[in-house]
Amino acid sequence: MSKQTVVIDTNILLELFVFQDPAVEKLREQMQTHQVIVAVCQRMEDEFSSVIARDKFGPQTRFGLSAERQGELLALWRSFTTQVSSESIERSPWRCKDQDDQIFLDLAFTLKPAWLISKDHQVLKFRKRAARDGVIITSVYTGQ
29 MSKQTVVIDT NILLELFVFQ DPAVEKLREQ MQTHQVIVAV CQRMEDEFSS
79 VIARDKFGPQ TRFGLSAERQ GELLALWRSF TTQVSSESIE RSPWRCKDQD
129 DQIFLDLAFT LKPAWLISKD HQVLKFRKRA ARDGVIITSV YTGQ
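The sequence shown runs contiguously to residue 172 in the working numbering.
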């Protein structure tokens, strides 16, 4: 059986690496055992880095993400990912109102068949159209 390609949006990354949400445990297990291909591009890495550097996740909060811990989380995430060059990413036929989320749609479209895991309503609304193009957009990864 071939490995599934997954694209993970920033909110799901927060659930995986900051909140330790049990709802993403199956995805975490498959990432840790390299049973899935986790695709990422530089823009997505930059966004995750920027988000975890926000004050609401800082050392004085319950999340306690010091600069050192942020670096550790980024390194851990990178250990699970396959980098895709920005130049090779195609434009998907689905246009998201939030330009920051468009990259997730575009990357999943480029790598189809692929899964896009997101809880963003602006992304989830493309589920049916994306499925016709070989992209499964879901808020919960089931690993089917």
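Each residue gets a CB set at the ideal place from its N, CA and C atoms; glycine is no exception.
Are tryptophan 122 and phenylalanine 76 closer than 8 Å when you measure CB to CB?
no
Determine the direct distance from the alpha carbon of arginine 119 to that of alanine 51, and round the result to whole angstroms.
30 Å
Indicate whether the contact test is met: 3 or more Cβ pairs, each with one atom in the segment 49-64 and one in the segment 76-91, closer than 8 Å.
no
Contact belief for lysine 168 with aspartate 37 at Cβ below 8 Å, rounded distance in angstroms:
First, the amino acid is wrong: residue 168 is valine here, not lysine. That pair is no contact at about 13 Å.
Should the segment 91-108 be called in touch with the segment 123-131, which here means at least 3 C-beta pairs below 8 Å?
no
Can you give the Cα-Cα distance for valine 68 and isoleucine 165, rounded to whole angstroms?
16 Å
Just the Cα atoms here: how many angstroms apart are arginine 160 and alanine 95?
42 Å
Isoleucine 117 by DSSP, collapsed to three states: which one?
coil
Let me make sure I understand the geometry here. Which of Gly162, Arg71 and Lys147 has the alpha-carbon closest to that of threonine 138?
Gly162
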